[in-house]
Amino acid sequence: MMKVIESLTSKVMQGDGPSCLRLGRLYYVGQGVERNVRTAMALYYSAELSGDVDTLRELGRMFLEGDFAPADARRAAQIYRKAADMGDPYSQLALGRMYQEGTGVEYSSEKAWEYISAAARGGMA
Numbered sequence: 001m002m003k004v005i006e007s008l009t010s011k012v013m014q015g016d017g018p019s020c021l022r023l024g025r026l027y028y029v030g031q032g033v034e035r036n037v038r039t040a041m042a043l044y045y046s047a048e049l050s051g052d053v054d055t056l057r058e059l060g061r062m063f064l065e066g067d068f069a070p071a072d073a074r075r076a077a078q079i080y081r082k083a084a085d086m087g088d089p090y091s092q093l094a095l096g097r098m099y100q101e102g103t104g105v106e107y108s109s110e111k112a113w114e115y116i117s118a119a120a121r122g123g124m125a
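Residue numbers (full-length UniProt numbering): 1 to 125.
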């Protein structure tokens with residue numbers, strides 16, 4: 001496990017978003033490292049700043065579901081919006097559903113339609 005952590009740490013220092021996310025998860029649960037939620041959140045923030053759309057999508061899901069992160073629908077919406085604006089159909093669909101249900105955002109049928117339609121155009125059925 002130490003080799004994995006060393007490898008991830010090296011990639012984190014290079015700004016690799018997926019590695020920030022993976023190492024953050026390890027800190028969040030204390031697997032192979034001492035549990036440290038503050039470090040996990042800092043790594044998640046670095047992951048967000050990487051701008052990697054797949055990382056953003058996963059980070060949004062984690063905050064929405066409270067999986068490896070404290071549940072925070074507002075934060076999830078902010079992160080999903082970044083990925084949606086980059087054209088990610090999965091994030092567009094997730095954000096559209098959040099607008100449809102008023103989860104983490106103010107209910108808006110117009111915005112829900114906008115994001116869900118964009119997701120459909122992007123291949124989400």
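Where is the CB? At the ideal position from N, CA and C, for every residue including glycine.
Here's the rule: buried if 16 or more other CB atoms are within 10 angstroms of the residue's CB, otherwise exposed. What is residue i?
| i | result |
| --- | --- |
| residue 92 | buried |
| residue 87 | exposed |
| residue 94 | buried |
| residue 45 | exposed |
| residue 67 | exposed |
Where residue i and residue j are concerned, what is the direct C-alpha to C-alpha distance, given to the nearest angstrom?
| i | j | result |
| --- | --- | --- |
| residue 20 | residue 107 | 32 Å |
| residue 28 | residue 36 | 6 Å |
| residue 6 | residue 51 | 23 Å |
| residue 26 | residue 43 | 10 Å |
| residue 77 | residue 105 | 7 Å |
| residue 57 | residue 90 | 7 Å |
| residue 100 | residue 121 | 18 Å |
| residue 55 | residue 17 | 6 Å |
Between residue i and residue j, which are expected to be in contact by the criterion C-beta below 8 Å, what is the C-beta distance as a whole number of angstroms?
| i | j | result |
| --- | --- | --- |
| residue 59 | residue 48 | 6 Å |
| residue 1 | residue 32 | 4 Å |
| residue 84 | residue 115 | 6 Å |
| residue 119 | residue 96 | 6 Å |
| residue 15 | residue 40 | Actually they are not in contact, since the Cβ atoms of residue 15 and residue 40 sit about 17 Å apart, beyond 8 Å. |
Does the beta carbon of residue i fall short of 7 Å from some heavy atom of the ligand PLP?
| i | result |
| --- | --- |
| residue 92 | Questions concerning the ligand PLP fall outside what the structure shown contains, since it holds no ligand whatsoever. |
| request: Any chance you could list the alpha helix (DSSP H) runs of at least 4 consecutive residues sitting entirely within the region 81-119, in chain order? | output: Taking only runs of at least 4 residues, the alpha helix (DSSP H) segments lying wholly in the region 81-119 are 89-101.
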